[in-house]
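A.B. asks: Handing you a structure now.
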Amino acid sequence: MWLVLIKRLYYLQIVKGNEYAENFVMHITRDVPLESVRGNIYDRNGKVLAGNELVYTVTFSDSQSYASNRECQLSLNGTIYKIIKIVEKYGDSVLEHLNIKLNTDDSYEYSVEGFWLDRFRADVFGRINIEDMSETERNISADAMIEYLAGEKRFCIYSENGEPYTEEEKRKYGIPDEWNKEDILKLLGIRYELSIRSYQRYLPVTIAEDISPKVMAVISENKRDLLGVDIGEDTIRVYEGGEACASVVGYTGKISAEELEEKKDESYNLNSIVGKSGMEQYLEEYLQSKDGSRKILVDNVGRTVSELSVTEATAGQDVYLSIDMDLQNAAYEALEKEIANVLLENLIDDKIFDNSYIEDTTDIRIPVYDVYCAFFMNGIINLQRMQGADAGDCEKEIYQRFLMREEEVLEMIRKELFEEGEVRFANVGEKSEYETFIMQNIEIVPEEYNNEAASVYEKWEDGQYSFREYINEIIVQGWLNPEFMGEEEGYLNQSEVLECVASYITEDLKKQSGFAKLVYKYMLMNDIMSPDELLMILYEQKILNNQDEDYDGWISGRISSYELIVRKIQKSEITPADLALDPCSGSAVITDVQTGKVLACVSYPGYDNNRFANNMDTEYYMKIYQNGSLPLFNRATQQLSAPGSTLKPVTVIAGLQEGVIDFNTGVYCDGVFDKVAPPVKCWNHAGHGEVTTVAGALQHSCNDYLCEVSYRLGMIGNQEFSDEQALSYLKKYAELFCLDKKSGIELAESEPHVTDNYAIPSAIGQGTYNFSTVQLGRYVNTLANRGNSYKLSLIESIDGIPNAPELESIIELPEDTWDSVQTGMEWYAQNTGIFEGFGIPVAGKSGTAQEMETRPDHGLFIGYAPVNNPEISIAVRIANGYESAPAVSCARDIFEAYFSENK
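Everything in the sequence shown is counted per our numbering, starting at 26 for the first residue and increasing by one.
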């Protein structure tokens with residue numbers, strides 16, 4: 026029997042040993058992508074808007090075999106640590122792979138929030154859907170997440186299988202005796218990326234990109250000790266055109282799991298870069314290159330065995346947009362200048378402004394303390410820096426005051442919950458803001474009880490319940506979030522439950538930057554911090570430049586804090602976007618009259634898309650995301666408002682075509698149209714007197730005249746005025762100009778709304794009209810070319826193939842009608858005085874649109890030039906711009922920029 030056994034073993038291990046060993050290691054064919062180059066985006070003149078730059082990268086792939094899990098963990102952690110140190114030694118940086126960052130107090134915090142935070146947590150725990158996470162996983166803190174990833178369940182930073190690493194093991198594998206938090210964060214990020222590829226170990230992780238020649242040389246010299254490390258070539262997306270072009274061009278980023286699933290295309294993989302917004306996203310199928318591939322054999326643990334074949338990569342197609350980059354930037358600068366001018370014209374050197382007594386929204390003023398507070402509330406001042414080691418003297422002093430004031434406020438909130446009667450804050454509205462913040466940012470009532478608790482919330486909102494009464498009612502009804510109770514067990518009386526609630530709320534508030542901003546705001550309003558101290562913080566954080574005469578004048582006392590703010594706004598060192606006050610935003614659309622091609626589509630404020638592409642700067646993203654001026658919101662295509670008087674040409678055309686007026690119809694304007702209730706005032710409260718022609722009605726923008734037109738439309742065939750009938754006519758002609766349709770532009774666009782109520786106000790562009798700037802741009806373009814309604818487009822050509830203009834409809838009106846409207850618009854432009862001295866005749870119409878009585882009106886303008894042979898048309902909107910004049914001035918600047926370039 027022993028001889029038989031020995032013979033069989035000899036046969037299996039010696040004779041057939043190699044064959045069986047090879048068969049044991051399962052060979053699988055895999056395709057390794059060879060990255061290609063994304064197509065470029067150019068403006069109409071061939072200037073690069075989005076291109077590619079060749080860079081060298083450091084990559085790492087786990088392609089080794091290990092004798093044990095302990096050896097695997099030691100080897101991976103040691104090699105990655107060595108790479109991190111080499112990269113950083115020569116001034117380069119390691120890419121961020123985790124959505125976690127270090128605070129100035131050396132604790133971890135998430136760098137994303139909301140959906141993206143939930144998605145990150147779900148990915149770490151391997152949950153396909155966010156809903157699949159447990160309560161613990163859903164609420165895990167950043168510190169606890171790091172502890173979990175560093176622990177033995179994941180990446181074994183300190184020990185493996187309950188045994189800490191020995192000094193000898195640390196020396197052998199190059200692991201430090203003591204880890205610092207920054208290195209742990211970087212190491213865990215790379216390990217996490219490797220874990221995502223655990224079944225595709227042949228796919229490398231990029232550790233650093235755009236590395237210096239020195240790093241390349243050091244890694245090449247030490248390759249023998251850095252198994253799995255390689256130097257590769259890659260391209261990064263580079264954007265030109267600055268903030269002005271970002272809303273049009275968009276940006277790229279790494280494909281998400283959801284996007285990869287939606288693509289259902291083999292050319293995409295986990296490493297694919299795709300368009301995330303703007304034209305980068307819309308043109309994805311053209312810009313996206315086709316990666317090549319290396320066909321390889323891998324074994325059952327993902328190691329490469331051999332290479333079988335290579336398929337070369339194919340570059341993406343180049344796209345030319347219709348926009349002119351220089352015109353786009355000129356329009357952006359014109360908007361910022363005019364918005365800043367409006368801000369300055371209405372700025373007053375005061376702490377508060379009571380707008381409850383104003384008769385008109387143009388009377389609203391901006392107290393300079395709103396500007397001071399905005400530096401905190403809009404995230405311009407870095408709160409973390411104020412508590413860091415690099416903080417300036419003033420920062421440190423104010424931070425200490427903040428800590429004291431924060432404790433005082435939290436104690437007052439506790440008293441609010443425990444004591445009968447009202448807790449008095451020094452500033453009117455301060456308590457209300459704190460309570461509103463708590464309601465909006467702390468989940469007092471779980472989602473499942475939201476409907477039941479809605480009536481109680483409304484009572485608090487209406488002032489029927491105090492904050493204490495609201496909390497008590499939630500407790501009595503059993504709707505309180507169980508997290509408030511912590512680890513408390515057994516029966517608790519009302520007072521003990523309130524104690525748990527107060528402790529939870531106050532501890533939670535300490536972690537929230539939004540609450541800290543409110544505390545800083547009221548430190549200013551309550552004179553705990555002075556404007557001079559605030560400005561010194563701006564200088565210490567280098568938000569303002571101290572190397573100029575303004576600083577010298579302010580520090581010596583020759584100019585006040587108020588005067589310094591005014592100068593900095595005038596010089597654009599402080600922009601409307603920084604402050605997010607009214608006004609802080611605007612949009613402009615410039616179109617080729619003969620084709621409908623968009624020459625500029627501007628949304629102010631913009632953002633730096635270079636910091637979004639490639640490896641996203643999450644800190645910058647969160648700053649932009651939280652900015653109250655909404656830089657990520659494309660106001661040209663998505664912001665809707667009433668068009669105001671810019672729609673009066675449509676009302677005039679309706680009246681002419683339906684025969685209720687002719688070109689020489691006269692109407693007497695006494696300043697108010699009162700044939701229906703409520704009456705509608707003319708902007709000229711004294712009245713225009715006799716307005717003798719249609720062109721004169723547009724020239725003077727007479728509300729009385731246009732209301733009379735709508736009234737007569739409602740009287741056709743009737744004994745009494747029919748609001749419904751008048752609306753039907755107005756709607757008919759608005760739809761004739763395609764104002765019921767999107768403009769056709771290749772960007773995300775809001776649905777327009779043609780009025781369906783209030784026929785008399787609708788005659789002057791109010792009612793329920795709602796249009797975006799691109800929709801007004803299409804409308805004025807149709808006026809300019811007398812009836813050819815083109816779909817707006819941003820695409821000039823794709824891969825050398827022209828994108829032909831698309832004519833959606835043709836409006837056939839008598840030439841006399843077009844002439845009358847054009848004459849009225851030309852007279853109006855001359856009447857403003859803003860185009861005085863401008864060498865090219867302009868036709869235009871301005872408008873104001875009221876949104877609410879407590880905020881300034883929107884200012885709008887539409888126009889085209891030259892009048893008799895139009896080349897371009899313009900639509901401008903300055904949100905909360907008080908009146909239309911700034912929008913008209915902005916349009917003049919844009920016309921000047923265009924015609925100076927195209928003499």
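From the three backbone atoms N, C-alpha and C, an ideal C-beta is built for every residue, glycine too.
Using C-beta distances below 7 angstroms, list every residue in its chain close to Ser184, excluding the 5 sequence neighbours before and after it, in chain order.
C.D. replies: Position 159 of the sequence shown, counted from the start, is the residue given in the question as residue 184. Here the set comprises Glu177, Tyr190.
A.B. asks: Gln38 to Trp27, Cα distance in whole Å?
C.D. replies: Reading the sequence shown from its first residue, position 13 is the one you call residue 38. Reading the sequence shown from its first residue, position 2 is the one you call residue 27. Distance between the alpha carbons of Gln38 and Trp27: 16 angstroms.
A.B. asks: By a C-beta neighbour count over all protein chains shown, 10 Å radius and 16 as the cutoff for buried, is Asp349 buried or exposed?
C.D. replies: The count along the sequence shown starts at 1 and reaches residue 349 at position 324. Flag for Asp349 reads buried.
A.B. asks: Determine, using beta carbons only, whether Tyr547 and Asn452 come nearer to each other than 7 angstroms.
C.D. replies: Locating residue 547 in the sequence shown gives position 522, counting from the first residue. Locating residue 452 in the sequence shown gives position 427, counting from the first residue. The answer is yes: Cβ separation under 7 angstroms.
A.B. asks: What did DSSP end up calling Ser272 once you bin it into helix, strand or coil?
C.D. replies: Numbered from 1 along the sequence shown, position 247 holds the residue referred to as residue 272. Ser272 falls in the helix class under three-state DSSP.
A.B. asks: Identify every residue that forms a DSSP beta bridge with Asp255.
C.D. replies: In the sequence shown, residue 255 corresponds to position 230, counting from 1. According to DSSP, Asp255 bridges with Thr84.
A.B. asks: Based on Cα-Cα distance, which residue from Arg880, Glu565, Glu60 lies nearest to Ile389?
C.D. replies: For the purposes of this step, residue 389 is taken as the residue at position 364 of the sequence shown. Ile389 has its Cα closest to that of Arg880, out of Arg880, Glu565, Glu60.
A.B. asks: Could you have a look at Pro703 and say whether DSSP puts it in helix, strand or coil?
C.D. replies: As a position in the sequence shown, residue 703 is number 678, starting the count at 1. The answer is coil: DSSP assigns Pro703 none of H, G, I, E or B.
A.B. asks: Check the C-beta distance from Leu228 over to Arg222 and give it rounded, since I have them as a contact under 8 angstroms.
C.D. replies: Translated into the one-based positions of the sequence shown, residue 228 becomes position 203. Translated into the one-based positions of the sequence shown, residue 222 becomes position 197. Confirmed, Cβ separation roughly 5 angstroms.
A.B. asks: Leaving aside the five residues before and after Asn97 along the sequence, list all residues of the same chain whose C-beta is less than 7 angstroms from its C-beta, in chain order.
C.D. replies: Locating residue 97 in the sequence shown gives position 72, counting from the first residue. In the sequence as presented, Asn is not what sits at residue 97; that position holds Cys. Excluding residues within five positions, the ones whose Cβ falls inside 7 angstroms are Tyr91.
A.B. asks: Relative to the alpha-carbon of Thr104, which residue among Phe140, Ser654, Asp557, Tyr198 has its alpha-carbon at the smallest distance?
C.D. replies: Locating residue 104 in the sequence shown gives position 79, where the first residue counts as 1. The residue with the shortest Cα to Cα distance from Thr104 is Tyr198.
A.B. asks: If I measure Cβ to Cβ from Val627 and keep anything under 7 angstroms in the same chain, skipping five residues before and after, which residues do I get?
C.D. replies: Stepping through the sequence shown from its first residue, residue 627 is reached at position 602. The residues are Ala269, Gln353, Ala356, Tyr357, Leu360, Ser612, Ala613, Ala661.
A.B. asks: Closest by CA to Glu833, which one among Ala809, Gly769, Ile280?
C.D. replies: Stepping through the sequence shown from its first residue, residue 833 is reached at position 808. Per the Cα distances, Gly769.
A.B. asks: Assess contact between the segment 616–632 and the segment 906–916, defined as three or more Cβ pairs (one per stretch) separated by less than 8 angstroms. Is contact present?
C.D. replies: No: fewer than three Cβ pairs fall under 8 angstroms.
A.B. asks: To the nearest angstrom, how far is it from the Cα of Ile423 to the Cα of Val913?
C.D. replies: Residue mapping note: residue 423 aligns to position 398 of the sequence shown, counting from 1. Residue mapping note: residue 913 aligns to position 888 of the sequence shown, counting from 1. About 44 angstroms.
A.B. asks: Following the continuous beta strand (DSSP E) through Val685, name the residue where it begins and the one where it ends.
C.D. replies: As a position in the sequence shown, residue 685 is number 660, starting the count at 1. Premise fails: Val685 is in no beta strand (DSSP E) and is neither H nor E.
A.B. asks: Would you kindly check if the distance between the Cβ of Val83 and the Cβ of Ile215 is under 7 angstroms?
C.D. replies: The sequence position of residue 215 within the sequence shown is 190, counting from 1. The sequence position of residue 83 within the sequence shown is 58, counting from 1. Contact: no.
A.B. asks: Using only alpha-carbon positions, find the residue among Val677, Ser520, Gly742 that is nearest to Asp841.
C.D. replies: Numbered from its first residue, the sequence shown carries residue 841 at position 816. Here the closest residue by C-alpha is Val677.
A.B. asks: Please classify Gly327: does DSSP put it in a helix, a strand, or coil?
C.D. replies: As a position in the sequence shown, residue 327 is number 302, starting the count at 1. Note that Gly327 scores a pLDDT of 49, beneath 50, so its modelled location is shaky; the value from the coordinates is reported in the next line. Note: Gly327 maps to coil in three-state DSSP.
A.B. asks: What is the DSSP secondary structure of Ala416, reduced to helix, strand or coil?
C.D. replies: As a working note, residue 416 is residue 391 in the sequence shown. It is coil, neither helix nor strand.
A.B. asks: What are the start and end residues of the beta strand (DSSP E) that includes Asp617?
C.D. replies: Counted from its first residue, the sequence shown places residue 617 at position 592. Per DSSP, Asp617 belongs to the beta strand (DSSP E) from 610–617.
A.B. asks: Tyr183 lies in the alpha helix (DSSP H); which residues open and close that run?
C.D. replies: The count along the sequence shown starts at 1 and reaches residue 183 at position 158. Element bounds for Tyr183: n/a, residue is neither H nor E.
A.B. asks: Closest to Val846 by CA distance: which of Ser822, Tyr889, Met647, Lys301 is it?
C.D. replies: To locate residue 846, count along the sequence shown from 1; it is residue 821. Among Ser822, Tyr889, Met647, Lys301, the Cα nearest to that of Val846 belongs to Tyr889.
A.B. asks: In this structure, does DSSP put Phe886 in helix, strand or coil?
C.D. replies: Taking the first residue of the sequence shown as position 1, residue 886 is located at position 861. Looking at Phe886 - three-state DSSP - the assignment turns out to be strand.
A.B. asks: Does the contact criterion of 3 or more C-beta pairs under 8 angstroms hold for the segment 377–393 versus the segment 652–670?
C.D. replies: Contact between the segment 377–393 and the segment 652–670 is absent, because fewer than three Cβ pairs lie under 8 angstroms.
A.B. asks: Within the continuous beta strand (DSSP E) that includes Ala605, where are the two ends?
C.D. replies: To locate residue 605, count along the sequence shown from 1; it is residue 580. No beta strand (DSSP E) contains Ala605, which DSSP labels as neither H nor E.
A.B. asks: Work out the CA separation of Pro777 and Gly792 for me, nearest whole Å.
C.D. replies: Residue 792 sits at position 767 when you count from the first residue of the sequence shown. Residue 777 sits at position 752 when you count from the first residue of the sequence shown. Cα-Cα distance, rounded: 14 angstroms.
A.B. asks: Does Cys694 come out as helix, strand or coil in the three-state DSSP assignment?
C.D. replies: Position 669 of the sequence shown holds residue 694. Of the three classes helix, strand and coil, the one that applies to Cys694 here is strand, per DSSP.
A.B. asks: Taking only the alpha-carbon atoms, compute the straight-line gap between Tyr730 and Ser818 and give it to the nearest angstrom.
C.D. replies: The sequence position of residue 730 within the sequence shown is 705, counting from 1. The sequence position of residue 818 within the sequence shown is 793, counting from 1. So the two alpha carbons sit approximately 36 angstroms from each other.
A.B. asks: Could you tell me the alpha carbon to alpha carbon distance between Phe695 and Asp351, rounded to whole angstroms?
C.D. replies: In the sequence shown, counting from the first residue as 1, residue 695 sits at position 670. In the sequence shown, counting from the first residue as 1, residue 351 sits at position 326. The sequence shown places Asp at residue 695, rather than the Phe named in the question. Distance between the alpha carbons of Asp695 and Asp351 is about 46 angstroms.
A.B. asks: My assumption, with CB atoms under 8 angstroms, is that Asn403 sits in contact with Leu604. Please give the rounded CB distance.
C.D. replies: Taking the sequence shown and counting its residues from 1, one reaches residue 403 at position 378. Taking the sequence shown and counting its residues from 1, one reaches residue 604 at position 579. Right, their Cβ atoms sit about 6 angstroms apart.
A.B. asks: So what does DSSP say about Phe860, is it helix, strand or coil?
C.D. replies: Mapped onto the sequence shown, residue 860 falls at position 835. Coil, per DSSP.
A.B. asks: What are the start and end residues of the beta strand (DSSP E) that includes Tyr133?
C.D. replies: By 1-based counting over the sequence shown, the position of residue 133 is 108. Its beta strand (DSSP E) spans residues 133–135.
A.B. asks: Please name the residue in Gln744, Pro704, Gln465 whose C-alpha comes closest to that of Pro786.
C.D. replies: Taking the sequence shown and counting its residues from 1, the one referred to as residue 786 is at position 761. Checking every option, the nearest Cα to that of Pro786 belongs to Pro704.
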